[in-house]
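Heads up: the structure comes next, in structure tokens.
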Amino acid sequence: MIPDAIRQQLRQKLGAQIDNIHSVSGGSINRAAKLTLSDGTSCFLKWNTSADPDMFVKEKRGLKLLAGADTKLRIPSTLAVGKTTDDTGYLAMEYISEGRSIDHSAEDFGRQLAALHKHQAKKYGLNHNNYIGKLPQSNQQHKEWIDFFINERMEPQLRMASDAHKLGSETIAHFKAMYKQLPDIFPEEPASLLHGDLWGGNYFYDNQGRATIFDPAVYYGHREIELAFTHLFGGFSRCFYRAYKEAYPLQSGLKHRKDIYNLYPLLVHTNLFGGSYARQVQTIVSRF
Ligand code: ADP
Numbered sequence: 004m005i006p007d008a009i010r011q012q013l014r015q016k017l018g019a020q021i022d023n024i025h026s027v028s029g030g031s032i033n034r035a036a037k038l039t040l041s042d043g044t045s046c047f048l049k050w051n052t053s054a055d056p057d058m059f060v061k062e063k064r065g066l067k068l069l070a071g072a073d074t075k076l077r078i079p080s081t082l083a084v085g086k087t088t089d090d091t092g093y094l095a096m097e098y099i100s101e102g103r104s105i106d107h108s109a110e111d112f113g114r115q116l117a118a119l120h121k122h123q124a125k126k127y128g129l130n131h132n133n134y135i136g137k138l139p140q141s142n143q144q145h146k147e148w149i150d151f152f153i154n155e156r157m158e159p160q161l162r163m164a165s166d167a168h169k170l171g172s173e174t175i176a177h178f179k180a181m182y183k184q185l186p187d188i189f190p191e192e193p194a195s196l197l198h199g200d201l202w203g204g205n206y207f208y209d210n211q212g213r214a215t216i217f218d219p220a221v222y223y224g225h226r227e228i229e230l231a232f233t234h235l236f237g238g239f240s241r242c243f244y245r246a247y248k249e250a251y252p253l254q255s256g257l258k259h260r261k262d263i264y265n266l267y268p269l270l271v272h273t274n275l276f277g278g279s280y281a282r283q284v285q286t287i288v289s290r291f
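The following block contains the structure:
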């Protein structure tokens, strides 16, 4: 199942043969497998025959930025990135065995995410664009969070959804009305280093109970957008949020703002998968 050209490149780049392949499920975008190598080590490989191979180059950069923040979050180290002549991209990284949470795992996760968010920049955005899922994510830098949110997060996704006839002109008009109210909605916060796609499917606890985060869409943003997204598909544990707030208190009222932040992942899901996500977007913006 792994294209031969990827196997050949891996043999060269990793300096070992692939002895065994075990397919890994759970991702929403890419194919993935655990590889056992002839030198006795394992690695995690993801590849995609239909997405831009640059996606994996940017994923590698994102993982490096997260690792460079030097928190106690576990971030897989990358081993090889590349593409085949027919543009199948791949990324090989350290294989981390999933374990389960032990005492304090969730608290530590909350505390360490707060530590990550304390890494801050002068502007919202990043010095390069990357991807959210397999969609391009524009990170042009802005001094104001609202400008970044509108121009780099809402508008590109709205254009995509509108071009594909997934959202109508009435919904687009509701967005424009919402933009005018954003100065009264978003509290001031500095630009924090964010994982950028932090939901239940993009973290697990390793076999020492340490929170491991992967598959990022990194940028410097308002930390509330990261926390809002953690609530979208089920939410993390209470201990996680309590420890986060103890380490880095939040301004009150996030629960009234989180739907606005979650317009971003919901628009992304509308563009990736369509269906009910478009209706959720319409319900939220129709309030404006
Ligand atoms: P996708 O880009 O398709 O969403 P993910 O990066 O989320 O794929 O990976 C799919 C699944 O593989 C994850 O849900 C997780 O369980 C597992 N996984 C991700 N990274 C690693 C890793 N470094 N080691 C072991 N398992 C991993």
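Residues 4 to 291 (this note's numbering) make up the sequence shown, in order.
Note that the Cβ used here is the ideal one computed from N, Cα and C, for glycine as well.
In this text the structure is predicted, and so the values were computed from the model without any measurement.
- A direct Cα-Cα distance of roughly 33 angstroms separates P193 from G277.
- Relative to the ligand ADP, A35 has its C-beta within less than 7 angstroms of a heavy atom.
- The alpha carbon of I99 has as its nearest neighbour, out of E191, D89, S80, G224, the alpha carbon of S80.
- A direct Cα-Cα distance of roughly 16 angstroms separates K169 from S289.
- For I24, the enclosing beta strand (DSSP E) has its first and last residue at 21-27.
- Counting along the chain, F47 sits inside the beta strand (DSSP E) bounded by residues 45-51.
- A check of alpha carbon separations from R282 across E173, I149, S53, Q11 identifies E173 as the nearest.
- Contact between K49 and L94 holds: their C-beta atoms lie close to 5 angstroms from each other, under 8 angstroms.
- Here DSSP, grouped into helix, strand and coil, assigns E97 to strand.
- For P56, no beta strand (DSSP E) run applies, since DSSP gives it neither H nor E.
- Taking the C-beta atoms as reference points, A250 is found nearer than 8 angstroms to A117.
- Contact between the segment 82-94 and the segment 102-112 is absent: fewer than 3 CB-CB pairs across the two stretches fall below 8 angstroms.
- Counting the other Cβ atoms within 10 Å of the Cβ of Q140 gives 16 or more, which makes it buried.
- R213 and G203 have their C-alpha atoms spaced approximately 15 angstroms apart.
- Look at T87 here: in three-state DSSP terms it is coil, with no helix or strand label.
- Using a C-beta cut-off of 8 angstroms, the segment 146-163 makes no contact with the segment 233-250, since fewer than three inter-stretch Cβ pairs fall below that distance.
- When secondary structure is reduced to three states using DSSP, P186 falls in the helix class.
- DSSP, reduced to helix, strand and coil, places G92 within a strand of the structure shown.
- For P219, the shortest C-beta to heavy atom distance toward the ligand ADP is 7 angstroms or greater.
- L138 is a Cβ neighbour of L275, given a cutoff of 8 angstroms.
- Following the DSSP letters along the chain, one finds Q160 inside the alpha helix (DSSP H) bounded by residues 158-166.
- No Cβ-Cβ contact shorter than 8 angstroms links A220 with K261.
- For F239, the shortest separation between its Cβ and any heavy atom of the ligand ADP does not lie below 7 angstroms.
- Relative to the ligand ADP, even the nearest heavy atom lies 7 angstroms or more away from the CB of I216.
- The nearest non-hydrogen atom of the ligand ADP is 7 angstroms or more from the C-beta of G203.
- Going by beta carbons, Y222 and L129 fall inside the 8 angstroms limit.
- The Cβ-Cβ distance between E227 and Y264 falls below 8 angstroms.
- Between E229 and H198, the CB-CB gap stays under 8 angstroms.
- Take the alpha-carbon of L119 and the one of T233: they are about 15 angstroms apart.
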